[in-house]
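S.K.: Chains as they are written, first to last, in my numbering: chain A, 8 to 135; chain B, 8 to 135. One structure follows; several queries about it will come next.
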DNA sequence: ATTCTAGTTGACGTTAACGTAAACGTTAAC
DNA sequence: GTTAACGTTTACGTTAACGTCAACTAGAAT
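The structure is reproduced here in structure tokens:
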């Protein structure tokens, strides 16, 4: 079974962040690693959560929002009404993400269009 | 010709932001509206820039990054070497945006997958 | 025994992106 | 003439997401 453990430096190194950042995420309740004595000991599950957090950040969500998204998973086994709420939140998130993707696509298209114009200018210069 | 002019309140209203925000963007050099006397007077071009800024923000870029992206356009008419630099920056931005879109797609897929599981639980409950 | 190498917990500093309040100048309406 | 609506600048306040010490502690190595 995959019960690999990680030290704080391990994860910091792997994900190119600082130990301070990991402790900060813990303060914010985003991570809850075991303690071996005083030291933090991260499980594979913690590692997965971390990658979720960072991915969320990369796409522009705040830590609070990422926290919400992550907590969706944890609540999935609760009472029925609880699950329904989770499902709705989840679908809302998906909507936001999709409209965000549209924004990105639009931006990409505009930038690419602009690139083409720039390249045309270069070509023109070569002719003259 | 489209030379419509906008007051600060017009744009604030249209884009659902505050006047403070518009002045802030101006301080940061992102917008440079005309002045009629002391008052700001935004052109259609300013409006387009603003929508760029806000779209950039929605997809997670900082104002500084958005500023860079916008300035790409302004530099497009400079010297040749200048244009080449612009082109490169532009292509870099496109790369970033594409990898961001991949992140979003992945997140969407995972959330959708999770939704399906939740819905399966609901269905199960109805049977029992 | 001491030095080195992780790790720990405060606590204050910093940057970005505005919010908010104060104090003031036009113009239009009543 | 004054009140209201809309604008202005100046300046301090705020929140998020860490950075940066400082002052330990615990174990391993020399």
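Note that beta-carbon positions come from the ideal geometry of N, C-alpha and C, so glycine has one too.
(1) Taking CB distances under 8 Å as the criterion, tell me whether residue 110 (chain A) reaches chain B.
(2) CA-CA distance, residue 125 (chain B) and residue 11 (chain A)?
(3) Contact between the segment 90-104 of chain B and the segment 20-29 of chain B is defined here as three or more beta-carbon pairs at a separation below 8 Å; is this criterion met?
(4) Based on DSSP bridge pairs, tell me the residues matched to residue 13 (chain B).
(5) Looking at C-alpha atoms only, which residue of B:47, B:106, B:31, B:40 is the closest neighbour of residue 70 (chain B)?
(6) Looking at C-alpha atoms only, which residue of B:68, B:43, B:131 is the closest neighbour of residue 107 (chain A)?
(7) Under the rule that 16 or more other beta-carbon atoms within 10 Å means buried, what is residue 93 (chain A), buried or exposed?
(8) Could you pull the start and end residues of the beta strand (DSSP E) that residue 42 (chain B) belongs to?
(9) Just the Cα atoms here: how many angstroms apart are residue 112 (chain B) and residue 56 (chain B)?
(10) So residue 61 (chain A) and residue 22 (chain A) are supposed to be a Cβ contact under 8 Å. How far apart are they, rounded?
(11) Whose C-alpha, out of B:109, B:74, B:20, is nearest the C-alpha of residue 36 (chain B)?
(12) So which residues on chain A does residue 129 (chain B) lean against when the C-beta distance must stay under 9 Å?
(13) Do we get a CB-CB distance below 8 Å when we pair residue 29 (chain A) with the residues of chain B?
(14) At 8 Å on the CB atoms, spell out the chain B contacts of residue 62 (chain A), in chain order.
(15) Give the DSSP-derived three-state secondary structure of residue 36 (chain B) in the structure shown.
(16) To the nearest angstrom, how far is the alpha carbon of residue 20 (chain B) from that of residue 77 (chain A)?
(17) With residue 54 (chain A) and residue 13 (chain A) assumed to form a contact (beta carbons below 8 Å), what rounded beta-carbon distance in angstroms separates them?
(18) Classify residue 66 (chain B) as helix, strand or coil using the three-state DSSP reduction.
(19) Taking only three categories from DSSP, how would you classify residue 111 (chain B)?
(20) For the candidate residues A:121, A:59, A:72, A:16, whose alpha-carbon lies nearest to that of residue 47 (chain A)?
(21) Please compile the residues from chain A whose C-beta is within a distance smaller than 7 Å of the C-beta of residue 66 (chain B).
(22) Please report whether the beta-carbon of residue 24 (chain B) lies at a distance below 8 Å from any beta-carbon of chain A.
M.R.: The short version:
(1) Counted from its first residue, the first chain places residue 110 (chain A) at position 103. Output row for residue 110 (chain A): interface = yes.
(2) Working through the second chain from its first residue, we reach residue 125 (chain B) at position 118. Working through the first chain from its first residue, we reach residue 11 (chain A) at position 4. The straight-line gap from Cα to Cα measures roughly 29 Å.
(3) no
(4) As a first step, residue 13 (chain B) is located in the second chain; it is residue number 6 there, counting from the start. Its beta-bridge partners are B:49.
(5) Residue numbering aside, residue 70 (chain B) sits at position 63 when the second chain is read from its first letter. Looking at the Cα atoms, B:31 is the closest of the given residues.
(6) As a working note, residue 107 (chain A) is residue 100 in the first chain. Of the candidates B:68, B:43, B:131, the residue whose Cα lies closest to the Cα of residue 107 (chain A) is B:68.
(7) As a working note, residue 93 (chain A) is residue 86 in the first chain. Result: buried.
(8) For this step, residue 42 (chain B) is matched to residue 35 along the second chain. Counting along the chain, the beta strand (DSSP E) containing residue 42 (chain B) begins and ends at 41-43.
(9) Along the second chain, read from residue 1 onward, the residue named residue 112 (chain B) stands at position 105. Along the second chain, read from residue 1 onward, the residue named residue 56 (chain B) stands at position 49. Spanning the two alpha carbons is a distance of roughly 27 Å.
(10) As a working note, residue 61 (chain A) is residue 54 in the first chain. As a working note, residue 22 (chain A) is residue 15 in the first chain. Yes, they are in contact, since the Cβ atoms of residue 61 (chain A) and residue 22 (chain A) sit about 6 Å apart, within 8 Å.
(11) On the second chain, residue 36 (chain B) is found 29 positions in, with the first residue counted as 1. Per the Cα distances, B:74.
(12) Your numbering for residue 129 (chain B) matches position 122 in the second chain. Chain A residues near residue 129 (chain B): 87, 90, 91, 94.
(13) As a first step, residue 29 (chain A) is located in the first chain; it is residue number 22 there, counting from the start. No, residue 29 (chain A) does not count as interfacial toward chain B.
(14) As a working note, residue 62 (chain A) is residue 55 in the first chain. In chain order: 110, 113, 114.
(15) Locating residue 36 (chain B) in the second chain gives position 29, counting from the first residue. Coil.
(16) To locate residue 20 (chain B), count along the second chain from 1; it is residue 13. To locate residue 77 (chain A), count along the first chain from 1; it is residue 70. About 34 Å.
(17) Residue numbering aside, residue 54 (chain A) sits at position 47 when the first chain is read from its first letter. Residue numbering aside, residue 13 (chain A) sits at position 6 when the first chain is read from its first letter. Right, their Cβ atoms sit about 6 Å apart.
(18) Sequence index remark: in the second chain, residue 66 (chain B) carries index 59 (1-based). DSSP places residue 66 (chain B) in coil when its eight states are reduced to three.
(19) As a working note, residue 111 (chain B) is residue 104 in the second chain. DSSP places residue 111 (chain B) in helix when its eight states are reduced to three.
(20) For the purposes of this step, residue 47 (chain A) is taken as the residue at position 40 of the first chain. Here the closest residue by C-alpha is A:16.
(21) Here residue 66 (chain B) is taken as the residue at index 59 of the second chain, counted from 1. Near residue 66 (chain B) (Cβ distances below 7 Å), the residues of chain A are 67, 107, 110, 111, 114.
(22) Counting from one through the second chain, the residue named residue 24 (chain B) turns up at place 17. By this cut-off, residue 24 (chain B) is not an interface position.
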